[in-house]
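Visitor:
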DNA sequence: CGAATAGTGTCTTTAAGACACTATTGA
DNA sequence: TCAATAGTGTCTTAAAGACACTATTCG
């Protein structure tokens, strides 16, 4: 078993004794969704090195020796975007991917995380190939991605779709404050459907704790000005907003 | 960084070069539920060695060098129970637990799996401390378990409860064939509620593909003989069987 | 004004829950 | 016979969906 040298930050762990368990590299990978230009986008990087040089990949990196998995995911997210803090942002574990040959260099187990961001979270500027970009989701789903990242992305999308049904996470996609139409737009783009605006409006207002009125209204735009809301205290929806079945 | 020697099966990986990433041990842990004696039970082992000597723990073990995570989980499950094959059994990834100090001996990341078994899956006989036992769930939830296994168990229970709502997995708890009352019993024990037998009966029969009649009936027992069913082809329930909210 | 979007009222349909009632067995 | 469990019918209630209608803005 040979493992190519690969230096991560400045951490090099030297280990010279026989080990009693197979050593694995553990990474976190991030599926970060946002809405911009009226379409769902995912945060990607372009690989500058072999393997999979030139392909799109999910942002991520090695978990540090004394770092919690959740902390590693939050750290990578902060490094890749200029979102101020991880507080007003949803980050959850998606699943773990550890097929033996998924990384040809070494045996790697990747813990994938799913995040929803409002559009203010623009990627960190940078000209190197590893800087993150927002990629339109629909196009990205039909490209070849590095490693098993396309599978992870598909799983992340399905999780996001399911979560909108019974949680208030759609509000995480909206900058604050937002209108009911903004919120509806999230559902329509993530589910790739259309929703009756009138029934949706009534439904959201009837869901205790989903949104709270700010008292303000939108100033400009076609049509009647809309009320502005902020996210309410609820996290789960009873009853859920149902997808077509 | 020192790691105590610890031999797993007969696999010893010798690694003598500087490594460019922090080495982790990767394990799988299993939350296996079954119903016996009219109560939900979970498969546990009793730890025979330090750390946490004498405490209950979830069955599990190291992932092998060239083994997929799912395969490792299935292998451990087959090793601990005498269920014939993994075919008629539900096994899904639950989550990954990797807090730095969760195993005091070394940095370990554990990928937890959730399984539902019909009662025919009795644990492997054996007198050593590591042999698996069915433990009543309610009692187990109030014991101190090894590592973070109590947290994993709680997460597994919540996942199981949620999954019964919108999937046909309750049938995985029933030996084949089963009655509608058997199926209702699964819901009642996992959710710790009572369900109206008459409404449940109608609801299950109205769910396309949930169960299929075998044409047979139960022979003995109090009351009118019940029809026997086998699991149908459906995996998802539309509409779901709702929990109280 | 008309087009566009916000928001309300109300009817229909679907599904959940309560519960009376019949069916078929063993003790 | 009664107690127990299986299974059906039907009414009530809650929520989803269709859609007419009013409200308020911009061009």
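Residue numbers (our numbering), protein chains in the order written: chain A, 1 to 245; chain B, 1001 to 1245.
No residue lacks a Cβ here, since even glycine has one placed at the ideal position from N, Cα and C.
(1) Helix, strand or coil: which one does DSSP assign to residue 72(A)?
(2) Residue 56(A) CB to nearest chain B CB: under 8 Å?
(3) Cutting at 8 Å between CB atoms, please list the residues of its own chain near residue 1053(B), excluding the five before and the five after it.
(4) Taking the beta carbon of residue 1241(B) as the centre, do at least 16 other beta carbons fall within 10 Å, making it buried, or is it exposed?
(5) Closest by CA to residue 1172(B), which one among 1090(B), 1080(B), 1142(B)?
(6) Per DSSP, residue 941(B) forms a beta bridge with which residues?
(7) Beta strand (DSSP E) containing residue 1135(B): first to last residue?
(8) Report the rounded CA-to-CA distance for residue 1187(B) versus residue 1208(B), giving the unit in angstroms.
(9) Going along the stretch 93-111 of chain A in order, which residues come within less than 7 Å of chain B, judged by CB to CB distance?
(10) Flag this pair as yes or no: are the beta carbons of residue 123(A) and residue 132(A) separated by less than 8 Å?
(11) Please list the partners that residue 68(A) has in chain B, where partner means a Cβ-to-Cβ separation under 8 Å.
(12) If I'm right that residue 1153(B) touches residue 1031(B) with Cβ under 8 Å, what's the distance once you round it to whole angstroms?
(13) What are the boundary residues of the alpha helix (DSSP H) that includes residue 1204(B)?
(14) So, does the CB of residue 147(A) fall closer than 8 Å to a CB anywhere in chain B?
(15) Please tell me whether residue 1102(B) and residue 1029(B) are closer than 8 Å, where the distance is taken between their beta carbons.
(16) Should residue 24(A) be flagged as near chain B, meaning a C-beta pair shorter than 8 Å?
(17) Between residue 1120(B) and chain A, is the shortest Cβ-Cβ distance under 8 Å, so that the two count as touching?
(18) At a Cβ threshold of 8 Å, is residue 1065(B) touching chain A?
(19) Leaving aside the five residues before and after residue 41(A) along the sequence, list all residues of the same chain whose C-beta is less than 8 Å from its C-beta, in chain order.
(20) If we cut at 8 Å on Cβ distances, does residue 21(A) have a partner in chain B?
(21) DSSP three-state label for residue 1158(B), please.
(22) If we cut at 8 Å on Cβ distances, does residue 52(A) have a partner in chain B?
(23) Let me check one thing: in DSSP terms, what residues is residue 1092(B) bridge-paired to?
(24) Where does residue 50(A) land, buried or exposed, given buried means 16+ other C-beta within 10 angstroms?
(25) Using a Cβ-Cβ cut-off of 6 Å (strictly less than) and excluding sequence neighbours within five positions of residue 1232(B), which residues of its own chain qualify?
(26) Secondary structure at residue 1149(B), three-state DSSP: helix, strand or coil?
(27) For the beta strand (DSSP E) that residue 1039(B) lies in, which residues bound it at each end?
(28) Please say whether residue 158(A) and residue 243(A) have beta carbons closer to each other than 8 Å?
(29) Tell me the DSSP secondary structure of residue 1052(B) in three-state form.
(30) Thinking C-alpha only, which one of 1182(B), 1150(B), 1021(B) is nearest residue 1218(B)?
(31) Just reading off the beta strand (DSSP E) that residue 26(A) is part of, what are its end residues?
(32) How big is the Cα-Cα spacing for residue 1180(B) and residue 1056(B)?
(33) If distances are taken between C-alpha atoms only, which option among 177(A), 107(A), 156(A) comes closest to residue 230(A)?
(34) Start and end of the beta strand (DSSP E) containing residue 21(A)?
(35) Cβ atoms of residue 27(A) and residue 151(A): under 8 Å apart, would you say?
(36) Taking only three categories from DSSP, how would you classify residue 171(A)?
Guide: Result, derived from the coordinates:
(1) helix
(2) no
(3) 1047
(4) buried
(5) 1090(B)
(6) Limits of chain B in this structure are 1001 at one end and 1245 at the other, which puts residue 941(B) out of reach.
(7) 1133-1136
(8) 18 Å
(9) 93, 95, 96, 98, 99, 100, 107, 109, 111
(10) yes
(11) 1098, 1099, 1100
(12) 6 Å
(13) 1197-1206
(14) no
(15) no
(16) yes
(17) no
(18) yes
(19) 33, 34, 35, 134, 135, 136, 137
(20) yes
(21) helix
(22) no
(23) 1114(B)
(24) exposed
(25) 1209, 1210, 1211, 1212
(26) helix
(27) 1039-1046
(28) no
(29) coil
(30) 1182(B)
(31) 25-36
(32) 34 Å
(33) 177(A)
(34) Element bounds for residue 21(A): n/a, residue is neither H nor E.
(35) no
(36) helix
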